[in-house]
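For reference, the structure is listed below as structure tokens.
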Ligand code: CA
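Residue numbers (the numbering used here): 77 to 787.
Right, here's the structure in full:
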């Protein structure tokens, strides 16, 4: 761009011009806008503003003299001419009304012997399709149709062909990926056509058990890469999609790892950290860099580093499909982590190249919103962005049969978008799960517009990671509070907060009601962010012996499982996963991030205990009520001596009464009961004996129940 002058179309009647003081002191008495035929219109200079190095002129032009999608230039009094760039006009209500397109065929669609390409580029003056850009390159001019849509049909089945769009916009000609592209060659060098009718995979949806309430979920989070990179196993496709579903894989001691191990846990859902194309790994040399993948490049294309052949666009599509199919066959649903809050790089994104200034949130002074702290925020409120996000989610449900979405930094997405997402996805797949991080980030949205915990009443069907739960049950997660203990780590001052957490913060009684339904609380103490629970215990309870710290890990795992709300685990939490105290390992090595299967055996008692408590949650209804009313009618607390706690659950489907005793302290207490109960769970896991009294041992949870009297 000419650094002497820039001119921007900011509304249907407004042109903003910046003139450098290095050029005629930034002074011009007149400006004209000129079309390609040389027809000139004199602009009305409304105001000028000294910005230091430049003078900003706000000019008016008669409405409808500028026709969007045509080339214009702006000329100043010394005859310097620069292209008129469409800028904040794309954020105006009139623009969005005029150029909204509800077409459902964006991207490349194959229908028999025809392949159609459709892209939305309302401010572009020309758009072409570049077919096979790196081989027998063909350039096909596309035709502008209604609402800023460009399209072309090629009378061939172009399954697996590569393509780019060539966009002439704002005085530049750029090559761009297809934002709707469903596959790609390595390192997003081009989009690729997929004819989904050629992919015949049975997704085994019929093998899945019924799932009709979020509160029945036990989710385990992992990254595709971490799941199988442990070098001490015989997994063949380590770090790849297919490495997740190898049956019979074992470690050097013959213990099951990977898929077989995961199946033994009892999870209802696996949650995968980002699997859509991200930037920070070299797909052809994936071992060079490690990254979690929260830096999106293509939303509808899977990550190539996880495929066996990153340059074959079919590889990632079929391999991930096989993953979903295999997990479904095992009765486990697959949720994926989606990052619709920001992109890796604005300038290089297909969005910005195709419709500059449209897709990212900004003020009207050229400042990008940065609530994500990653440099930019996606502008979900813009109608075509909202539509894109919904279309993208639908694509993944329809073509990969995924069962749920975890929205990264959901607080950056506006409420109306999340409401529409919820409505749309529920209509396609009633068992779908939707949940995310409802933190209040400083994005350019009013708080009432953000999908944050304090607005959760407005988002039916959407759950939130419960940070109150995380920080009070375990103790603060912030890096400078490593020594701070929550209730489970032995600070009795958190007993009331612990009660509030146990009921998914649905009751006002303890001063911390956050949700109108337990289905909205993701109850967790560990996720990929922050220190692992085990590292936190080691930091906060470093004076305690290993045996006691292990008891705390078990205590926390049981608490997460029997709490109301959605039970959420970071995979490895069941075997005291460690990252050696690192609290942000997003680009640390495989050795820090991998699932270290040797620990499964090392902490076998914790693994078995965790599996048992998960079994118990599934067996009885007391630990997953669906409504706030049920919780308030059935769950009661009694404070016991020394800071211990009793949770009483009355009149469940299975029992007349369930009693849960919590003792997070290194002391013992003898409990005499008011009659005979069944001991159903203790420090060794599931149990089933009659008792009338018992020792509540140090750092332990005891669950007893009174069976219903059969009439
Ligand atoms: Ca990638």
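Think of the CB as a built atom: it goes at the ideal place given N, C-alpha and C, for glycine as much as any other residue.
Every value quoted in this text rests on a predicted model; they were computed, and no experiment measured them.
- Shown in chain order are the residues whose CB sits closer than 7 Å to a heavy atom of ligand 1: 263, 264, 353, 354, 355, 357, 359, 373, 379, 380 and 381.
- Following the DSSP letters along the chain, one finds residue 406 in no beta strand (DSSP E), marked with neither H nor E.
- Within the model, the alpha-carbon separation for residue 650 versus residue 492 is close to 37 Å.
- Considering only 770, 406 and 364, the residue with the shortest C-alpha distance to residue 321 is 406.
- Annotation: the stretch 457-509 contains the following complete segments of the alpha helix (DSSP H) (minimum length 4 residues), in chain order: 459-476 and 491-504.
- Beyond the five residues adjoining it in sequence on each side, residue 627 comes within less than 6 Å, by CB distance, of 775 in the same chain, given in chain order.
- Contact between residue 732 and residue 782 holds, with the beta-carbon distance rounding to 5 Å and staying under 8 Å.
- For residue 678, the number of other beta carbons within 10 angstroms of its own is below 16, and it is reported as exposed.
- Ranked by Cα distance from residue 99, the first of 85, 517, 81 and 767 is 81.
- Take the alpha-carbon of residue 508 and the one of residue 700: they are about 18 Å apart.
- The C-alpha of residue 761 is placed about 7 Å away from the C-alpha of residue 684.
- Checking the DSSP bridge columns, you'll see residue 248 partnered with 245.
- Only residues of its own chain outside the window of five on either side were considered, and among them 655, 656, 658 and 661 have a CB closer than 7 Å to the CB of residue 668, listed in chain order.
- Burial state of residue 302 is buried, judged by a 10 Å Cβ sphere holding 16 or more other Cβ atoms.
- Relative to residue 625, the option among 729, 693 and 741 whose CA is nearest is 741.
- Its chain contains 508 and 537 as the residues whose beta carbon lies nearer than 8 Å to that of residue 502, once the 5 sequence neighbours on both sides are disregarded; these appear in chain order.
- The three-state reading of DSSP puts residue 232 in coil, since its state is none of H, G, I, E or B.
- Beyond the five residues adjoining it in sequence on each side, residue 519 comes within less than 6 Å, by CB distance, of 445, 447, 453 and 488 in the same chain, given in chain order.
- When the five nearest sequence neighbours on each side are left out, the beta carbons in the same chain lying within less than 8 Å of the beta carbon of residue 273 are those of 186, in order along the chain.
- Sixteen is the threshold: when 16 or more other Cβ atoms of the shown chains lie within 10 Å of the Cβ of residue 539, as they do, the residue is buried.
- DSSP places residue 675 in the uninterrupted alpha helix (DSSP H) bounded by 674-678.
- Around residue 137, the same chain offers 89, 90, 91, 109, 117, 119 and 120 as residues with beta carbons nearer than 8 Å, after the five sequence neighbours per side are excluded.
- Just measuring C-alpha positions, the residue of 290, 644, 354 and 128 sitting nearest residue 686 is 644.
- Between residue 666 and residue 305, the CB-CB gap stays under 7 Å.
- Under the three-pair Cβ rule at 8 Å, the stretch 181-198 counts as touching the stretch 253-267.
- Distance from the Cα of residue 746 is smallest, within the candidate group 571, 718, 702 and 419, for 718.
- The straight-line gap separating the alpha-carbon atoms of residue 360 and residue 264 is approximately 11 Å.
- Annotation for residue 667: no beta strand (DSSP E) segment contains it, though the alpha helix (DSSP H) segment containing it runs 666-669.
- Distance from residue 209 to residue 240 at the Cβ level is roughly 5 Å; contact confirmed, criterion being Cβ atoms closer than 8 Å.
- Annotation for residue 382: 300, 316 and 317 place their beta carbon closer than 6 Å to its own, counting only its chain and skipping 5 residues before and after.
- Bridge pairing for residue 92: 84 and 134 [DSSP].
- Pairing residue 524 with residue 531, the inter-Cα distance amounts to about 7 Å.
- Beta-bridge partners assigned by DSSP to residue 345: 295 and 409.
- Residue 160: member of the beta strand (DSSP E) spanning 157-162, first to last residue.
- For residue 724, the uninterrupted beta strand (DSSP E) segment begins and ends at 721-726.
- Residue nearest to residue 140 within the set 308, 174 and 480 is 174 (criterion: CA-CA distance).
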